[in-house]
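What follows is a single structure, written as C-alpha cells, with notes after it.
There are 4 protein chains.
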Amino acid sequence: MVDTGNSVRKVPAPELQTSAWLNTPQPLTLAALRGKVVVLHTFQIFCPGCVQVGIPQAQRIYQEFDPERVAVIGLHTVFEHHPVMGPDALEVFTHEYRLRFPIGIDKYEGAPQGIPLTMREYRMQGTPTLILIDKTGDIRLHKFGHISDLTVGFSIGALLSEDFDEAAAEAKSLQPEGISDGCDTDGCSV
Amino acid sequence: MVDTGNSVRKVPAPELQTSAWLNTPQPLTLAALRGKVVVLHTFQIFCPGCVQVGIPQAQRIYQEFDPERVAVIGLHTVFEHHPVMGPDALEVFTHEYRLRFPIGIDKYEGAPQGIPLTMREYRMQGTPTLILIDKTGDIRLHKFGHISDLTVGFSIGALLSEDFDEAAAEAKSLQPEGISDGCDTDGCSV
Amino acid sequence: MVDTGNSVRKVPAPELQTSAWLNTPQPLTLAALRGKVVVLHTFQIFCPGCVQVGIPQAQRIYQEFDPERVAVIGLHTVFEHHPVMGPDALEVFTHEYRLRFPIGIDKYEGAPQGIPLTMREYRMQGTPTLILIDKTGDIRLHKFGHISDLTVGFSIGALLSEDFDEAAAEAKSLQPEGISDGCDTDGCSV
Amino acid sequence: MVDTGNSVRKVPAPELQTSAWLNTPQPLTLAALRGKVVVLHTFQIFCPGCVQVGIPQAQRIYQEFDPERVAVIGLHTVFEHHPVMGPDALEVFTHEYRLRFPIGIDKYEGAPQGIPLTMREYRMQGTPTLILIDKTGDIRLHKFGHISDLTVGFSIGALLSEDFDEAAAEAKSLQPEGISDGCDTDGCSV
Chain A
0 MVDTGNSVRK VPAPELQTSA WLNTPQPLTL AALRGKVVVL HTFQIFCPGC VQVGIPQAQR
60 IYQEFDPERV AVIGLHTVFE HHPVMGPDAL EVFTHEYRLR FPIGIDKYEG APQGIPLTMR
120 EYRMQGTPTL ILIDKTGDIR LHKFGHISDL TVGFSIGALL SEDFDEAAAE AKSLQPEGIS
180 DGCDTDGCSV
Chain B
0 MVDTGNSVRK VPAPELQTSA WLNTPQPLTL AALRGKVVVL HTFQIFCPGC VQVGIPQAQR
60 IYQEFDPERV AVIGLHTVFE HHPVMGPDAL EVFTHEYRLR FPIGIDKYEG APQGIPLTMR
120 EYRMQGTPTL ILIDKTGDIR LHKFGHISDL TVGFSIGALL SEDFDEAAAE AKSLQPEGIS
180 DGCDTDGCSV
Chain C
0 MVDTGNSVRK VPAPELQTSA WLNTPQPLTL AALRGKVVVL HTFQIFCPGC VQVGIPQAQR
60 IYQEFDPERV AVIGLHTVFE HHPVMGPDAL EVFTHEYRLR FPIGIDKYEG APQGIPLTMR
120 EYRMQGTPTL ILIDKTGDIR LHKFGHISDL TVGFSIGALL SEDFDEAAAE AKSLQPEGIS
180 DGCDTDGCSV
Chain D
0 MVDTGNSVRK VPAPELQTSA WLNTPQPLTL AALRGKVVVL HTFQIFCPGC VQVGIPQAQR
60 IYQEFDPERV AVIGLHTVFE HHPVMGPDAL EVFTHEYRLR FPIGIDKYEG APQGIPLTMR
120 EYRMQGTPTL ILIDKTGDIR LHKFGHISDL TVGFSIGALL SEDFDEAAAE AKSLQPEGIS
180 DGCDTDGCSV
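Residue numbers (numbering that gives the first Met the number 0), protein chains in the order written: chain A, 0 to 189; chain B, 0 to 189; chain C, 0 to 189; chain D, 0 to 189.
Structure (C-alpha cells):
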C-alpha cells in the first residue's frame, strides 16, 4: 500500500558525481534544481528490468509532467560488465531508444570498476532504482526494483504540494551533505 | 501533460443519488466522506473501455491506497441497454470480477431509462468517467475516457496534501449544492 | 511444450446444439463446415478470463485467417447465473465488443438452467474452452483456460496441412456421432 | 491476414556465415539441421524492437516447441554502431536476458563495418527479421519487423507437417546455393 503519510524521514540527497552528460548542454547539479521535484532514475543499459520497466516509466514521467516543476534525470550507474557499458554504448542506447531527458554517467574514483561514486553514496542496492528528491533537496523516496505508476504519481503530487522556502533551502545547502547510517531498501533515515 | 497546477476551479460535488449499493453494509454519501479524497469511478458492465481499462485501474487504486484516506467508489451509471444491465447483472459482474470496493447504482426518476440522475447532475459524457473529489467535497478532476495511473496518482497525492478544516467544510455543506453552468469535458467551473 | 505430434486421438466432434445465432444469417452446423478447420471458442459474457483473454484471442484468429479455410465460431455456454446471461445480454455484449464472427447460444433441454447441451456433450470443464476441429469433423484440441497464440497458430497450421478426402468425410458423417469415455481436460480419446 | 496457402516460392536458404557462437558447444550450420524447421531470429542488442518484441517472441518459440523438431537460432546481425555491439557486449546481453538458444554472430569480410555477410546474402532489410526455413533447407517466410505469434505458430505448424525425404534433400544440397533476384520484403522467389 502506498505510504500516504510520507513517513520516511528526510535525508539530504548527496550531490550527483558524474563524469559526463547526455541530452543537456551542460552538467546538471541537484543544487541547481532546488525548488523542483527531482525524479532520479538509475539504470544500466543491459539490465532487463531497467530497459523493459524502469526506462519506459521514466519516459512516461518525463512526458506527463512539466519540466519546470518536475526534473526527470537518468543516471547510468554501471556496477558490472564495465567494458561494454561505457559512454559510447550509452550514447547509442540513448539514441536508439529515443530518450530525451538528461542522463548523467556515474563517476568512478579511477578507472571504471566496481560501484560508482553516486551509487555508493546513495547506498543503492542495484538497478533500476528510483529516487525522489523534494524541492529542498531531501531524499523522500528510494526504491530498488519495480514501483507502480500510481505510487510514483502520488509521491510527485505530494512533494509538489509542499511549500518551498528559498531562503531556508539556501541556508540548508550550506551545511555539509552526506547520507548517514539509517538507510535501508525502501528509504533512508538519519 | 499533467496539470500540476490543479487549475480547475472548485465546484461542489453533487450528492450521489443511488437506488442500491454493493460491497457496503449501508449506503454511502459524499457528505459522510468529508476529510477523505474520493475516487469515483463510473462505469457500465458492458462497456469494453470500463471492463478492460477503467475497472482494473479502480482496483489498483483501491489496493494501493489506505481506505481511511482515499475512498474508492464505483458507480453504475447505465444510460443504454437498461434491461440487461440491472442490479442482478451488476451483482454477478461484481462477484465474478472480484471487485471489493463499494459500488452504488445510479438512480432513475422512474423506471430505468435514459441517463440516470447522478450522471446527469455531474454532466458526464459517458463511461468510464473518473471523478476526484477533495476532502471538502469539491470536484477537482473530471475525466471521461482513459487517464494514466501517473496522473491519477499525482492528483490523489496533491489532494491528500491539502489541509482540511472540518469547521469550514461543515459550514460549506450547509449551503445548497448543485453544479453550475461552467462544466466541460475536463472539469467544471463556477 | 506444444505437442507437435498432435498425438491426441481423434474423436468426432458432436454437432452443436443451439437455440439461436448472432452474426450469421442462418444457423451454422459443423456438418456444413467439413473441409474447413473450425475454431470453437466457448465463453460466458461475465467470465473475466473469457472477456480479457479468450475473446480477444478469438478475434485475432478471426482477423488473421481466411474464413474460407478457418471458421471461427463463438459458443455462449452459460452454466451459471442464467437469468442475467440471456440472449438479450449476449446481443448487447456482442455489439459493444464489436465481435463479428458467428456466435451460437448453447441450448438447454428445457428452461435455461445447469449445463447446456453442447457443453455437456463435449464434457467441457468451464469457460473459456477452445476446441479445434479438423476438416473431417474430428476434435483435435480441447483446452480449458489459457492457451498461447503460438500453440493455437501451430495447431491451425498443422490441421490445415492435412489432406481432405471429401468422399471419406461424407462416409464418416453417416456414422452415429457421440463422444466416448476417453475424454479428459486436454483432449478426448476413443 | 495469414497466407494460409504458403504461396511464397521456395528458395534455398544460404548457409549462415558466422564468426562465433554462444549457447552451443560447436558452430551450427543449416546443412546439419535438415529435417528440422529452423526459426532464425536476427537482431541487434541496441534495437528496441528486437529487445522488446522480437527477442521475447524467440524465447517463447524456444520454450514452446520441441528442439528436436524446431531449431530456434539467434543471429546477431550488426549493421550499425559496430564498436559497441561486439562479441563481449552480446555475451553480456545474452547472459543478462537469460537467453538459452544458440546465437551466432554474423561475419564481416574484414573488420566489423557495414552490413555483415549473412544479412547481405539474405537481403534482410533490418532488425528484427524472422526467417523460417523448412526441413529441406528452403526459406519459407522472411519477415522484417513485427509478426504475430499466431502467424509464426501457424507457419511452424504448416512446415512441420510437410514430408521430409532425406535422399531428395541430400541431392538438393549438392547443388550450388545462393539467393536469386526475386527477393522482396515479405519473401523471396526464384
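Heads up, the beta-carbon is just placed ideally off N, CA and C, and yes, glycines get one too.
Compile a chain-ordered list of the residues in the region 47-66 of chain B whose CB is closer than 8 Å to at least one CB of chain C.
P47, V50 and Q51
Between the CA atoms of D133(C) and L140(C) - distance to the nearest angstrom
Working through the third sequence from its first residue, we reach residue 140(C) at position 141. Working through the third sequence from its first residue, we reach residue 133(C) at position 134. L140(C) and D133(C): Cα-Cα distance of roughly 9 Å.
Sub-9 Å separation of Q43(D) and T76(D) beta-carbons
Looking up residue 43(D) in the fourth sequence gives position 44. Looking up residue 76(D) in the fourth sequence gives position 77. It is a contact, given that the beta carbons lie within the stated cut-off.
Taking its Cβ as the centre, do 16 or more other Cβ atoms sit within 10 Å of A70(D), making it buried, or is it exposed?
As a first step, residue 70(D) is located in the fourth sequence; it is residue number 71 there, counting from the start. With 16 or more Cβ atoms within 10 Å of its Cβ, A70(D) is classed as buried.
Hey, V36(A) and L29(A): beta-carbon distance below 9 Å or not?
As a first step, residue 36(A) is located in the first sequence; it is residue number 37 there, counting from the start. As a first step, residue 29(A) is located in the first sequence; it is residue number 30 there, counting from the start. No, these two residues do not count as a Cβ contact at 9 Å.
According to DSSP, is S192(C) part of a helix, a strand, or is it coil?
Residue 192(C) is absent from the model: chain C starts at 0 and stops at 189.
Should S147(B) and R59(A) be called a contact, given that it needs their Cβ atoms to be closer than 9 Å?
Here residue 147(B) corresponds to residue number 148 of the second sequence, with the count starting at 1. Here residue 59(A) corresponds to residue number 60 of the first sequence, with the count starting at 1. Against a cut-off of 9 Å, the Cβ pair of R59(A) and S147(B) comes out as a contact.
Contact with chain B by F153(A), beta-carbon distance below 9 Å
Position 154 of the first sequence, counted from the first residue, corresponds to residue 153(A). Cβ-Cβ to chain B under 9 Å: yes for F153(A).
Using a beta-carbon distance cut-off of less than 9 Å, what residues from the region 65-83 of chain B approach chain C?
E79, H80, P82 and V83
What span of residues does the alpha helix (DSSP H) with I130(B) cover, start to end?
Locating residue 130(B) in the second sequence gives position 131, counting from the first residue. Premise fails: I130(B) lies in the beta strand (DSSP E), T128 to I132, not in any alpha helix (DSSP H).
Is there a C-beta anywhere in chain A that falls below 9 Å from the one on R139(B)?
The sequence position of residue 139(B) within the second sequence is 140, counting from 1. Not one chain A Cβ lies under 9 Å of R139(B).
Ordered along the chain, which non-local residues of its own chain (more than five positions away) have a Cβ less than 8 Å from that of H81(B)?
Taking the first residue of the second sequence as 1, we reach residue 81(B) at position 82. Cβ within range, chain order: P111 and Q112.
Hey, how far is the Cα of H145(B) from the Cα of G53(B)?
Walking along the second sequence from the start, residue 145(B) turns up at place 146. Walking along the second sequence from the start, residue 53(B) turns up at place 54. Distance between the alpha carbons of H145(B) and G53(B) is about 7 Å.
In this structure, does DSSP put D180(B) in helix, strand or coil?
Sequence index remark: in the second sequence, residue 180(B) carries index 181 (1-based). Residue placement at D180(B) is flagged as unreliable, the pLDDT there being 40, under the threshold of 50; the coordinate-derived value follows with that caveat. DSSP places D180(B) in coil when its eight states are reduced to three.
Do we get a CB-CB distance below 9 Å when we pair D183(D) with the residues of chain C?
Against the fourth sequence, residue 183(D) aligns to sequence position 184. The predicted position of D183(D) is uncertain, since its pLDDT is 39 and thus under 50; no value can be drawn from it.
Candidates F78(D), V50(D) and M123(D), of which the one nearest E108(D) by Cα:
To locate residue 108(D), count along the fourth sequence from 1; it is residue 109. Nearest of F78(D), V50(D) and M123(D) to E108(D), Cα basis: F78(D).
Minimum length 4: unbroken alpha helix (DSSP H) runs contained in the region 35-110 of chain A
54-63 and 86-95
Quick check on F45(C) - is its C-beta less than 9 Å from some C-beta in chain B?
Reading the third sequence from its first residue, position 46 is the one you call residue 45(C). At least one chain B Cβ lies under 9 Å of F45(C).
How do the region 118-138 of chain C and the region 85-101 of chain C stand: do at least 3 beta-carbon pairs fall below 8 Å, yes or no?
no
What's the C-alpha gap between T117(C) and G34(C)?
In the third sequence, residue 117(C) corresponds to position 118, counting from 1. In the third sequence, residue 34(C) corresponds to position 35, counting from 1. Cα to Cα, T117(C) sits roughly 22 Å from G34(C).
Can you list, in chain order, the residues of its chain whose CB lies under 6 Å from that of E120(B), leaving out five sequence neighbours each side?
What you label residue 120(B) is simply residue 121 of the second sequence in a count that begins at 1. Cβ within range, chain order: P13.
Separation of T126(A) from C49(A), as counted between CA atoms
Taking the first sequence and counting its residues from 1, the one referred to as residue 49(A) is at position 50. Taking the first sequence and counting its residues from 1, the one referred to as residue 126(A) is at position 127. C-alpha separation (whole angstroms): 7 Å.
Leaving out five residues on either side along the sequence, give the residues of the same chain with a beta carbon under 6 Å from the beta carbon of A168(B).
Translated into positions along the second sequence, residue 168(B) becomes position 169. So the list reads R33 and T135, once near-sequence residues are dropped.
Counting contacts by CB-CB distance shorter than 9 Å, is D87(D) in contact with chain C?
Indexing the fourth sequence from 1 puts residue 87(D) at position 88. With 9 Å as the cut-off, D87(D) does not count as an interface residue toward chain C.
With C-beta atoms as the reference, is P11(D) less than 9 Å away from D137(D)?
In the fourth sequence, the residue the question calls residue 11(D) occupies position 12. In the fourth sequence, the residue the question calls residue 137(D) occupies position 138. Yes, Cβ-Cβ distance for P11(D) and D137(D) is below 9 Å.
Nearest-angstrom Cβ-Cβ length linking V91(A) and F64(D), presumed shorter than 8 Å:
Translated into positions along the first sequence, residue 91(A) becomes position 92. Translated into positions along the fourth sequence, residue 64(D) becomes position 65. Between F64(D) and V91(A) the Cβ distance is about 33 Å, and since that is not below 8 Å, they are no contact.
Quick one: which chain C residues come within Cβ less than 7 Å of L149(D)?
The residue you call residue 149(D) lines up with position 150 of the fourth sequence. By Cβ distance, chain C contributes R59, I60, E63, D148, V151 and G152.
Assuming T17(D) is part of the alpha helix (DSSP H), what are its boundary residues?
As a first step, residue 17(D) is located in the fourth sequence; it is residue number 18 there, counting from the start. Here T17(D) belongs to no alpha helix (DSSP H); instead the beta strand (DSSP E) covers T17 to L21.
Give the secondary structure of L159(B) by DSSP, where H, G and I count as helix, E and B as strand, and everything else as coil.
Along the second sequence, one-based indexing puts residue 159(B) at 160. L159(B): helix per DSSP, three-state reduction.
Member of T41(B), Q51(B), A31(B) and A88(B) whose CA lies at the smallest distance from the CA of R122(B)
Within the second sequence, residue 122(B) is the residue found at index 123, counting from 1. It is T41(B).
Name, in chain order, the residues that DSSP records as bridge partners for D137(C).
Reading the third sequence from its first residue, position 138 is the one you call residue 137(C). For D137(C), which the question treats as bridged, DSSP gives the partners P11(C).
Pick from R68(C), D87(C), I102(C) and P24(C) that is closest to Q16(C), judged by C-alpha positions
As a first step, residue 16(C) must be located in the third sequence, where it is residue number 17. The residue with the shortest Cα to Cα distance from Q16(C) is I102(C).
Can you name, in chain order, every residue of its own chain whose Cβ lies under 6 Å from the Cβ of Y61(D), other than the five neighbours on each side?
As a first step, residue 61(D) must be located in the fourth sequence, where it is residue number 62. Same-chain partners within the cutoff: V71 and F100.
Would you grab the beta carbon distance between S160(B) and I104(B) for me? Rounded to a whole angstrom, and I think it's under 8 Å.
Numbered from 1 along the second sequence, position 161 holds the residue referred to as residue 160(B). Numbered from 1 along the second sequence, position 105 holds the residue referred to as residue 104(B). Their Cβ separation, rounded to whole angstroms, is 33 Å, which puts S160(B) and I104(B) out of contact at 8 Å.
Mind checking which residues open and close the alpha helix (DSSP H) that includes E118(C)?
Looking up residue 118(C) in the third sequence gives position 119. Reading off the sequence shown, one finds Met at residue 118(C), where the question assumed Glu. Looking at the DSSP string, the run of the alpha helix (DSSP H) that includes M118(C) is L116 to E120.
Please report the distance separating the alpha-carbon of K193(C) from that of K142(C).
No information on residue 193(C) is available, as it lies outside the stretch 0 to 189 that chain C covers here.
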